[in-house]
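Have a look at the structure below before the remarks.
Protein chains: 2
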Amino acid sequence: MVIRNHYASLDPAQRGWMDDVPSYMPPIALGDAVRAASVGVVHASARPDFAVGDWVMGMNAIEDFSVAQPGSLPTKIDIARVPSPTNYLSAIGVTGLTAYFGLLNHGQPKAGETMLVSGAAGAVGSVVGQIGKIMGCRVVGIAGGGTKCDRLRREYGFDAAIDYRGKSADRLAAEIAGVVPEGADIVFENVGGTILDAELMNIAQNARIILCGLISEYNHPEPAGARNLRQIFIKSATLEGFLFVEHTSQFAEAAAEIGEWIADGKLRVDEDVQAGLENSYAAFMRLFSGENSGKLILKII
Amino acid sequence: MVIRNHYASLDPAQRGWMDDVPSYMPPIALGDAVRAASVGVVHASARPDFAVGDWVMGMNAIEDFSVAQPGSLPTKIDIARVPSPTNYLSAIGVTGLTAYFGLLNHGQPKAGETMLVSGAAGAVGSVVGQIGKIMGCRVVGIAGGGTKCDRLRREYGFDAAIDYRGKSADRLAAEIAGVVPEGADIVFENVGGTILDAELMNIAQNARIILCGLISEYNHPEPAGARNLRQIFIKSATLEGFLFVEHTSQFAEAAAEIGEWIADGKLRVDEDVQAGLENSYAAFMRLFSGENSGKLILKII
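As structure tokens, this is what we get:
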């Protein structure tokens, strides 16, 4: 089966797949197209269960056409159900589901708890914060720059937002302490580095730190590392990693609940759609410069 | 009540109490005696429930006599039950109970699993490794120097031992991979730094890392930090901190089980008893130079 890719997902995880370290997927080989989740249309099919013209999503690559690999067949999608086919890469795609499972299955938020979310204006963080509010938590976001912080408060309903730019871990820790004096019960971590260091100085007893990503490290051959791990035993806290693929059995249920929240106006999922295969590198780098806000997607055609 | 201290416990945790960082106890004030668990005898008592001559243990200090503080009364102990009163600081004291609760309550080892233990020749590590064997695990210890590694295999029954001295994180990671090719299901971490970095490169899917201590960091104002946290989400692992005081309700039960294991010859608890208040600094530093093996105790009289 050949798929005509229309949209490719651009995610920090792809940067991880480029490194030759033990991981949950083999590294992308030198010279290969960059692996990516994509949404597209069946262009040619030798399988009776997929017809030319069917919309599908799957793990393909940043390329015009992908040949479906044995063992990783795409999934048919119903684009009539959603405002845009890109939603299968955002709200009900990897990032929306990552936010949903990471927070609900691993963080287990309870009403009245306080949450800190880093990368809060990103595709995962913005959804995590809003689901936290739906669950009755007090939600504080950490993001880069005043514009993003304003957006967290005004558009995503965060209770407070902290701009990390230009601040040392100590300075950021003091600023968080001013906003979260009782300490955070849940930390949803997308960034690492000085942000994680500052958060660790502000965790409550028995805090749950959900480790979703460490975007600040991916482009550094020698990452700074987490310096305040001591707080994890001092506070009897837990740092828990997860991958969204562990929760496949709940995908349909989660997508349905996310869809309801969107329909009810409780959840807003923004997309940052950049056009053109030839712009894929510049578009991808928006993730690391902090330029993007919401789910970054490359429009191929 | 005044207590004549006979023995004081020397533990890495005391180094932590000397730092002015948010912790589970206030820092030891400059000029104060060094807070320590001690075993001693009631010297004078204004309380009807404690008689002069009663053996007690409690949180006191490295000093000849301690005045029991309101709210932290000592506990009476029965020294006829044990070979030496020091056992209340080792096998059935903080270190033995820390090993017991950390491994059993937090690590939840299952027969056939593989465990990595750092600081494996220490007071906590040596007990953790032996309890791991009792639970049917394959246990690999990491310790400093050939003598300690020999002791892990010969005296504590570890399946394998790795000497970390003089090795980079990469070199140590490669050595661990040779001994634990399938990855560790449980890591019991006492050390941090390059040892934790190397362990993280060798965890199995869904590994549980029990964070008990980070002794390599305590004397460094700017610790190196953990550089391989990425493996925690890559492997959907958990890093869990704990304090033994959370498990007070199980103290009696745990001490009884530890006592049985010792009586049955399944558990060996070594003590490194150094004599003389005037030697307390030199004795304490044995923890950080790696000279000590087993539970470090200061004999006061």
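Protein chains in written order, with our numbering: chain A, 5 to 305; chain B, 5 to 305. Note that the Cβ used here is the ideal one computed from N, Cα and C, for glycine as well. Here the structure is a predicted model, which means the values were calculated and not measured.
Identify, in the order they occur along the chain, each residue of the same chain with its Cβ nearer than 7 angstroms to the Cβ of residue i, setting aside the five sequence neighbours on each side.
i: A/GLY150; result: ASP167
i: B/THR102; result: VAL128, CYS216 and PHE248
i: B/GLU117; result: CYS141, ASP189 and ILE190
i: B/GLU221; result: GLY196, GLY197 and PRO227
i: A/LEU200; result: GLU193 and ALA230
Interface residues of chain A around residue i at Cβ under 7 angstroms?
i: B/TYR28; result: ILE238
i: B/ALA267; result: Those within 7 angstroms of B/ALA267 in chain A number zero; the least Cβ separation is about 31 angstroms.
i: B/LEU218; result: LEU233 and ARG234
i: B/GLY129; result: In chain order: nothing, as chain A lies at least about 15 angstroms away.
Around the C-beta of residue i, are 16 or more other C-beta atoms found within 10 angstroms, so that it is buried, or is it exposed?
i: B/GLN73; result: exposed
i: B/ASN283; result: exposed
i: B/ARG234; result: buried
i: A/LEU34; result: exposed
i: A/ALA165; result: buried
i: A/GLU226; result: exposed
i: B/ILE305; result: exposed
i: A/ASP307; result: Because chain A is modelled from 5 through 305, residue 307 of chain A falls outside the range shown and cannot be assessed.
i: B/ARG231; result: buried
i: A/ARG19; result: buried
i: B/THR252; result: exposed
i: A/GLY197; result: buried
i: B/ARG175; result: exposed
i: A/GLU275; result: buried
i: B/TYR285; result: exposed
i: A/GLU244; result: buried
i: B/ALA223; result: Per the sequence shown, residue 223 of chain B should be read as Asn rather than Ala. Exposed.
i: A/ARG169; result: exposed
What residues in its chain sit with their C-beta under 6 angstroms from that of residue i, if we drop five residues either side in the sequence?
i: B/ALA115; result: GLY140
i: A/GLY123; result: GLY129, ASN194 and VAL195
i: A/ARG85; result: none
i: A/ILE255; result: A quick correction: the sequence has Phe, not Ile, at residue 255 of chain A. Nothing listed; no residue qualifies.
i: A/GLN209; result: LYS239
i: A/ARG157; result: ALA165
i: B/LEU1; result: What is shown of chain B runs 5 to 305, which leaves residue 1 of chain B out entirely.
i: B/PHE54; result: MET5 and VAL46
Interface residues of chain A around residue i at Cβ under 9 angstroms?
i: B/PHE246; result: PHE237 and SER240
i: B/LEU281; result: Simply none; closest approach about 29 angstroms.
List, in order along the chain, the chain B residues whose C-beta lies closer than 8 angstroms to that of residue i?
i: A/GLU250; result: SER240
i: A/LEU300; result: The premise fails here: A/LEU300 is roughly 20 angstroms from chain B at the closest Cβ pair, so nothing lies under 8 angstroms.
i: A/LEU291; result: Those do not exist, as A/LEU291 stays about 16 angstroms from chain B at its closest Cβ, beyond 8 angstroms.
i: A/LEU156; result: Going along chain B, no residue has its Cβ under 8 angstroms from A/LEU156, so there is no contact; the nearest lies around 24 angstroms.
In chain B, what lies closer than 9 angstroms to residue i by C-beta?
i: A/GLU221; result: ARG231, LEU233 and ARG234
i: A/MET205; result: VAL25 and PRO26
i: A/LEU101; result: The premise fails here: A/LEU101 is roughly 15 angstroms from chain B at the closest Cβ pair, so nothing lies under 9 angstroms.
Run through chain A and tell me which residues come within less than 8 angstroms of residue i, C-beta to C-beta.
i: B/LEU120; result: Within chain A, no residue comes near B/LEU120; the closest Cβ sits about 16 angstroms away, beyond 8 angstroms.
i: B/GLY196; result: LEU233
i: B/LEU215; result: LEU233, ILE236 and PHE237
i: B/LEU77; result: By Cβ distance, chain A contributes nothing, its closest Cβ being about 24 angstroms from B/LEU77, past 8 angstroms.
i: B/LEU107; result: In chain order: nothing, as chain A lies at least about 14 angstroms away.
i: B/LEU176; result: In chain order: nothing, as chain A lies at least about 15 angstroms away.
Whose Cβ in chain B lies nearer than 7 angstroms to the Cβ of residue i?
i: A/PRO227; result: ARG231
i: A/LEU93; result: In chain order: nothing, as chain B lies at least about 20 angstroms away.
Roughly how far, in whole angstroms, is the beta-carbon of residue i from the beta-carbon of residue j, given that I think they are within contact range, below 8 angstroms?
i: A/ILE135; j: A/TYR104; result: 7 angstroms
i: A/ILE219; j: A/GLY100; result: In fact, because the Cβ distance is near 18 angstroms, the residues do not count as touching under 8 angstroms.
i: B/ALA37; j: B/GLU67; result: 5 angstroms
i: A/LEU300; j: A/LEU291; result: 6 angstroms
i: B/ALA202; j: B/ALA228; result: Going by Cβ atoms, the distance from B/ALA202 to B/ALA228 rounds to 13 angstroms, so no, they are not a contact pair.
i: B/VAL71; j: B/ASP58; result: Not confirmed; about 16 angstroms, so no contact.
i: B/GLU41; j: B/GLY97; result: One point to set straight first is that residue 41 of chain B is Ala, not Glu, in the sequence displayed. Right, the Cβ-Cβ distance comes to about 7 angstroms (below 8 angstroms), so this counts as a contact.
i: A/VAL144; j: A/PHE162; result: 7 angstroms
i: B/MET5; j: B/ARG51; result: 6 angstroms
i: A/GLY44; j: A/ASN9; result: 4 angstroms
i: A/VAL60; j: A/THR79; result: 6 angstroms
i: B/SER297; j: B/ALA125; result: 5 angstroms
i: B/ILE266; j: B/VAL277; result: Rounded, the Cβ-Cβ distance is 17 angstroms, inconsistent with contact.
Within its chain, find whatever has a CB closer than 8 angstroms to the CB of residue i; leave out the 5 residues flanking it on each side and keep chain order.
i: B/GLY106; result: VAL128, VAL132, PHE192, ILE214, CYS216, PHE246 and PHE248
i: A/ALA211; result: GLY187, ALA188, ASP189, ILE190, VAL191, LYS239, ALA241 and THR242
i: A/ASN206; result: LEU120, ALA177, ILE180, ALA181, VAL184, GLY187 and ALA188
field: Residue ranges of each beta strand (DSSP E) within the segment 141-198 of chain B, 3 or longer
entry: Listed in chain order, they are 142-147, 164-167 and 188-193.
task: List in chain order: all unbroken alpha helix (DSSP H) runs of 4+ residues lying wholly within the segment 5-42 of chain A.
output: The segment 5-42 of chain A contains these whole alpha helix (DSSP H) runs: 16-21.
query: Taking only runs of the alpha helix (DSSP H) that begin and end inside the segment 192-263 of chain B, which ones reach a length of at least 4 residues, in chain order?
result: 197-204 and 234-238
task: Would you list, in sequence order, the uninterrupted alpha helix (DSSP H) runs of no fewer than 4 residues that lie entirely inside the segment 93-133 of chain B?
output: Taking only runs of at least 4 residues, the alpha helix (DSSP H) segments lying wholly in the segment 93-133 of chain B are 98-105.
task: Would you mind listing the alpha helix (DSSP H) stretches within the segment 271-303 of chain B that are 4+ residues and don't spill past its ends, in chain order?
output: 284-293
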